[in-house]
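Reading the sequence shown from the start, the letters are residues -20 to -1, 1 to 444 in mature numbering (1 follows the signal peptide of the UniProt record, and there is no 0).
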Amino acid sequence: MQKYSLVLIPFLFVGCMSMAPEYVRPTAPIPSTFDVNTSVQKSNPQDLSWEAFIQEPSLQAVVAQALEQSRDLKKAVANIEMARATYRVTRSAQFPSIDASATGSKARSISGESTAISESSTATVGLSSYELDFFGKVKSQSEASLESYKGVEEAEKTVRIALIAETINAWLSYASDTTLLHLAKQTEQSAKRSLEVVQKRVDLGVDTKVSLYNAQSIYQQARVDVANYTTQVAHDRSALELLVGAKVADVHLPKGLEEEAQAWLLDVPVGLSSEILLNRPDVLSAEHNLKSANANIGVARAAYFPSITLTTKGGVGTNSLTGLFDGGTSKIWSFAPTVTLPIFDMGERDANLDYAKAKKALYLATYEATIQTAFSEVERALSRRATIFEQYDAQKALVEANANSYAIYDARYQKGVDTYLNALLSQRSFYSSQKAFINVRLEELINRVTLYRVLGGGITQNQP
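Right under this line is the structure:
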């Protein structure tokens, strides 16, 4: 059989030309540096893994759980498997498909008193409709499928980074609202004691009902806040568990968002060129889609040229089944090339080429828009970063000033040398500034998470 295998060789290694345009990466439509002044950093946030970025063990455990259980991430991984399979199918067309077959027959015929028995058998092996890729159509199809597959891989990384960021933010929001709930409960208790004092003073005739109504006002407001924040904390936990895709153990939930929480996350290095954005997975995904569209132009162009399909077979035949193995055989071979020459198609090939070119223009615009969006996201995050610490310090000082003011006015009221109105106003200011300070602490941490995400944090480390 070895000598008959020569039938399989013709055109197996035929060289081909590509009709696709040469791909040149478009110039990024953004400035080379960010407008916000940042100190020069040697480290790259894309090399900072999420395990290193998160310094709080419970939060690390929750993010790890999300990466393992999230249905969104599982869908993204399934999309990768489908794209990989599609690429393998398309790539296989570049190589011949080799089939083997064997047939045998035995017939008996009776004519009068004579009986004749005939036997025959054949065994063949050969190529089945292998297209000779002279003009690069099959190669371009394979390249287009490969780039689509790579684009899906990068899309999965985008989902992964977004999941990490959203899980951190949800966990921090739970911490913040838990602290706000504790504050509301403390204020409720304090306001209730003040209300009891004012009530006694009114009963004794040393204070007016105006003071009583004012005391009731802040007490009822605190009760409202307790109810609201209790609901919000429950919603926060539900949202967190939806992201994680499973129940989050109580031991992994934060107890609050105190000032020490600022050590939960590392600062993100930002003093780098804007070219770092070209490595963001959503930008790379858009570029792979552009490359795929560029390869599809080659497919459309190749359709203008003849296609040659080759079918070959070689084997042996014999008049008896056992003859296949004892040398009593005859040689069988076939060579059947098919040439398809396009003549007239009512403009179908022209339309396909126009479509391929328009699709490339679409993906070019999408690629450029994705880069511009990435740049804008970083600029906004950096702009907020430039002022957040000043606001943090100012808000902290405001809380201290309001605390001192409330302590003085409350003491003056207790001594009967000032009205309750001033104590009430100072208490409200103190309460409001405390809530605002908690929100600033949350915003500063979320700003770090945002910078980590928009700079493509950990993409060289956070692999599936």
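Where is the CB? At the ideal position from N, CA and C, for every residue including glycine.
Legend entry - Limits of the unbroken alpha helix (DSSP H) element including residue 232: Reading the sequence shown from its first residue, position 252 is the one you call residue 232. Segment: none, residue 232 is in no alpha helix (DSSP H) and carries neither H nor E.
Inset, instruction - Kindly give me the distance between the Cβ atoms of residue 10 and residue 355, rounded to whole angstroms, as I take these residues to be in contact under 8 Å. - result: The residue given as residue 10 occupies position 30 in the sequence shown. The residue given as residue 355 occupies position 375 in the sequence shown. With a Cβ gap of about 4 Å, residue 10 and residue 355 count as contacting.
Legend entry - Residue of 114, 126 and 5 minimising C-alpha distance to residue 62: Locating residue 62 in the sequence shown gives position 82, where the first residue counts as 1. Taking only the C-alpha atoms, the option nearest residue 62 is 126.
Inset, instruction - Within the same chain, show all residues whose beta-carbon is closer than 6 Å to that of residue 361, passing over the 5 residues directly before and after it, in chain order. - result: The residue you call residue 361 lines up with position 381 of the sequence shown. For residue 361, where only same-chain residues beyond five positions count, the Cβ hits under 6 Å are 430, 431 and 434.
Legend entry - DSSP-derived helix/strand/coil call for residue 426: Within the sequence shown, the letter at position 446 stands for residue 426. It is helical.
Inset, instruction - Please report how far the alpha carbon of residue 264 lies from the alpha carbon of residue 274, in whole angstroms. - result: As a first step, residue 264 must be located in the sequence shown, where it is residue number 284. As a first step, residue 274 must be located in the sequence shown, where it is residue number 294. Near 15 Å, if we compare the C-alpha coordinates of residue 274 and residue 264.
Legend entry - Between the CA atoms of residue 417 and residue 364 - distance to the nearest angstrom: On the sequence shown, position 384 is the one that residue 364 refers to. On the sequence shown, position 437 is the one that residue 417 refers to. Whole-angstrom Cα-Cα distance: 16 Å.
Inset, instruction - Could you name the residues of the same chain whose beta carbon sits closer than 7 Å to that of residue 198, not counting the 5 residues immediately before and after it, in chain order? - result: Against the sequence shown, residue 198 aligns to sequence position 218. So the qualifying residues of the chain are 171, 404, 407 and 408.
Inset, instruction - For residue 320, write down the residues that DSSP places opposite it in a beta bridge. - result: Numbered from its first residue, the sequence shown carries residue 320 at position 340. For residue 320, which the question treats as bridged, DSSP gives the partners 287.
Legend entry - Where residue 252 sits in the DSSP three-state scheme: What you label residue 252 is simply residue 272 of the sequence shown in a count that begins at 1. Looking at residue 252 - three-state DSSP - the assignment turns out to be coil, as it is neither helix nor strand.
Legend entry - Through-space distance from residue 214 to residue 43, alpha-carbon basis: Start at 1 with the first residue of the sequence shown, and residue 43 comes out as number 63. Start at 1 with the first residue of the sequence shown, and residue 214 comes out as number 234. One C-alpha to the other measures close to 19 Å.
Inset, instruction - Verify the contact flag: residue 261, CB atom, against every heavy atom of the ligand FAD, threshold strictly below 7 Å. - result: Inclusion of the ligand FAD in the displayed structure is not the case, the ligand content being empty and no account of it being possible.
Legend entry - Element boundaries [alpha helix (DSSP H), containing residue 263]: Here residue 263 is taken as the residue at index 283 of the sequence shown, counted from 1. 261 to 282 is the extent of the alpha helix (DSSP H) around residue 263.
Inset, instruction - Sort 357, 284, 348 and 182 by Cα distance to residue 325 and report the nearest one. - result: Residue numbering aside, residue 325 sits at position 345 when the sequence shown is read from its first letter. The shortest Cα separation from residue 325 among 357, 284, 348 and 182 belongs to 284.
Legend entry - Beta-bridge partners of residue 245, as assigned by DSSP: Here residue 245 corresponds to residue number 265 of the sequence shown, with the count starting at 1. DSSP lists 34 as partners of residue 245.
Legend entry - Residue interval of the alpha helix (DSSP H) (run including residue 329): Sequence index remark: in the sequence shown, residue 329 carries index 349 (1-based). That run of the alpha helix (DSSP H) goes 328 to 394.
Inset, instruction - With DSSP collapsed to three states, give me the class of residue 412. - result: Your numbering for residue 412 matches position 432 in the sequence shown. DSSP places residue 412 in helix when its eight states are reduced to three.
Inset, instruction - Would you give the residue range spanned by the alpha helix (DSSP H) that residue 160 belongs to? - result: The sequence position of residue 160 within the sequence shown is 180, counting from 1. Its alpha helix (DSSP H) spans residues 117 to 183.
Inset, instruction - Give a yes or no on contact between the stretch 328 to 340 and the stretch 224 to 240, applying the rule of three or more CB pairs nearer than 8 Å. - result: no
Inset, instruction - Assuming residue 276 contacts residue 65 (C-beta within less than 8 Å), just tell me the rounded distance between them. - result: Numbered from its first residue, the sequence shown carries residue 276 at position 296. Numbered from its first residue, the sequence shown carries residue 65 at position 85. With 8 Å as the limit, residue 276 and residue 65 do not qualify as a contact, their Cβ atoms being about 19 Å apart.
Legend entry - Cβ-based burial, residue 444 [other Cβ within 10 Å; buried from 16]: Translated into positions along the sequence shown, residue 444 becomes position 464. Per-residue confidence for residue 444 stands at a pLDDT of 47, beneath the threshold of 50, marking its modelled position as unreliable; no derived number is given.
Legend entry - Opening and closing residue of the alpha helix (DSSP H) in which residue 221 lies: As a working mapping, residue 221 is identified with position 241 in the sequence shown. Note, residue 221: alpha helix (DSSP H), 189 to 224.
Inset, instruction - For residue 390, I'd like the list of residues in its chain whose CB is within less than 6 Å of its CB, leaving aside the five on either flank, ordered along the chain. - result: Position 410 of the sequence shown, counting from 1, holds the residue named residue 390. These residues qualify, in order along the chain: 403.
Legend entry - Coil, strand or helix - residue 52 by DSSP: The residue given as residue 52 occupies position 72 in the sequence shown. Of the three classes helix, strand and coil, the one that applies to residue 52 here is helix, per DSSP.
Legend entry - Pairwise C-alpha distance: residue 130 and residue 164: Here residue 164 refers to the residue found at position 184 when the sequence shown is read from its first residue. Here residue 130 refers to the residue found at position 150 when the sequence shown is read from its first residue. Distance between the alpha carbons of residue 164 and residue 130: 51 Å.
Legend entry - Of the residues 151, 156, 254 and 128, the one placed nearest residue 359, counting alpha carbons only: Taking the first residue of the sequence shown as position 1, residue 359 is located at position 379. Closest by alpha carbon: 254.
Inset, instruction - Check whether the Cβ atoms of residue 175 and residue 46 sit closer than 8 Å, and answer yes or no. - result: On the sequence shown, residue 175 is found 195 positions in, with the first residue counted as 1. On the sequence shown, residue 46 is found 66 positions in, with the first residue counted as 1. No, the pair does not count as a contact, with Cβ atoms beyond the cut-off.
Legend entry - Which of helix, strand or coil DSSP assigns to residue 70: In the sequence shown, the residue the question calls residue 70 occupies position 90. If DSSP states are grouped into helix, strand and coil, residue 70 belongs with the helices.
Legend entry - Exposed unless 16 or more other CB atoms sit within 10 angstroms - verdict on residue 414: In the sequence shown, counting from the first residue as 1, residue 414 sits at position 434. The residue is buried, with at least 16 neighbouring Cβ atoms inside 10 Å.
Legend entry - Given residue 436 as reference, the closest of 52, 145 and 117 once Cα atoms are compared: Here the question's residue 436 lines up with position 456 in the sequence shown. The candidate whose alpha carbon is nearest that of residue 436 is 145.
Inset, instruction - Apply the 10 Å Cβ neighbour rule to residue 319 and answer buried if 16 or more other Cβ atoms are within range, or exposed otherwise. - result: Here residue 319 refers to the residue found at position 339 of the sequence shown. Exposed, because fewer than 16 other Cβ atoms sit within 10 Å of the Cβ of residue 319.
Inset, instruction - Within 10 angstroms of the Cβ of residue 347, are there 16 or more other Cβ atoms? Answer buried if so, exposed if not. - result: As a position in the sequence shown, residue 347 is number 367, starting the count at 1. By the neighbour-count rule (16 or more Cβ atoms within 10 Å), residue 347 is buried.
Inset, instruction - Please report how far the alpha carbon of residue 162 lies from the alpha carbon of residue 212, in whole angstroms. - result: Here the question's residue 162 lines up with position 182 in the sequence shown. Here the question's residue 212 lines up with position 232 in the sequence shown. Going by the C-alpha atoms only, they are around 13 Å apart.
Legend entry - Candidates 272, 173, 184 and 153, of which the one nearest residue 121 by Cα: As a working note, residue 121 is residue 141 in the sequence shown. Answer by Cα proximity: 272.
Legend entry - Cβ-based burial, residue 154 [other Cβ within 10 Å; buried from 16]: One-based indexing of the sequence shown puts residue 154 at position 174. Residue 154 should be labelled buried.
Legend entry - Inter-residue spacing [alpha-carbon to alpha-carbon] between residue 428 and residue 210: Against the sequence shown, residue 428 aligns to sequence position 448. Against the sequence shown, residue 210 aligns to sequence position 230. Between residue 428 and residue 210, the C-alpha separation is close to 27 Å.
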